[in-house]
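Participant: In the numbering used here, the protein residues as written are 17 to 184.
We put the CB at the ideal spot given by N, CA and C, even for glycine.
Just so we're clear, the structure is a prediction, and the values are computed from it rather than from any experiment.
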C-alpha cells in the first residue's frame, strides 16, 4: 500500500509540474513572434544613404498582400524610464508608406533628426517593463505611427515596423 501511495504521489507531482511548465512557457513566450515581412529590395536613391526601399507589387501599402515602400531609421539607442542606466534598448524602425508618394522619402530624410529626437524622448519615457513587454508592441506601433505622421506634410506613414528590438 505504501508503495502504491509513493508511486501515485510521484506521478501527481510530475503531472503538476508538466501543467505548470506549459502555463509558464505560454506566459513567457506567447504565441510566438510576428511573421517576418518579405518582398522588399534596396532601391538606389541619391546616394544619401537614407535607407529607402521599394516593394515588388503595387497598390496601397499593406493591402492585398502588397507592401509599400519603406524608410529605415537605424539604431535608436535609449535608456528606458526606471532602468537607472542598467538597461539599454537598441531599436531600428522601418516606416512603410505608399510607394506612389515620391515626395515623402525626401521629407522623411529632412525631418529625420526631429523624428529621431522625438522617438528617443518618447521611448525613453516608457517604463522598462512596458517597453520590454511584447504584448505592448502593437499599441506602441500605432502610437509611433500617429506621432510620426504629425511631423509630415507631404503624406503619411501607413505602418511602423520594428526591424531590431534588442534589450540589453
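1. Starting from the Cα of residue 136, find the closest Cα among 108, 184, 175 and give me that residue.
2. Whose C-beta lies closer than 6 Å to the C-beta of residue 89 among residues of the same chain, with five residues either side of it excluded?
3. Please classify residue 28 as buried or exposed, where buried requires at least 16 other C-beta atoms within 10 Å of its C-beta.
4. Taking the straight line between their C-alpha atoms, what separation do you get for residue 26 and residue 19?
5. Three or more C-beta pairs closer than 8 Å, one from the region 149–158 and one from the region 169–183: is that the case here?
6. Expressed to the nearest angstrom, what Euclidean distance is found between the alpha-carbon atoms of residue 126 and residue 166?
7. What are the residues that DSSP puts in a beta bridge with residue 177?
8. Would you list the one or two residues that DSSP bridges to residue 92?
9. Would you mind sorting residue 35 into buried or exposed? The rule is 16 or more other CB atoms within 10 Å of its CB.
10. I want to check one thing, is the minimum distance from the CB of residue 152 to the heavy atoms of the ligand SAM below 7 Å?
Facilitator: Based on what the coordinates show:
1. Ranking the options by Cα distance to residue 136, first place goes to 108.
2. For residue 89, where only same-chain residues beyond five positions count, the Cβ hits under 6 Å are 109.
3. Counting Cβ neighbours within 10 Å, residue 28 comes out exposed, since fewer than 16 surround it.
4. Going by the C-alpha atoms only, they are around 11 Å apart.
5. Cβ pair count under 8 Å is three or more, so yes.
6. Across the structure, residue 126 and residue 166 are spaced so that their CA atoms are roughly 14 Å apart.
7. DSSP lists 110 as partners of residue 177.
8. Answer is 107.
9. The residue is exposed, with fewer than 16 neighbouring Cβ atoms inside 10 Å.
10. Absence of the ligand SAM is noted for the structure shown, with no ligands found whatsoever.
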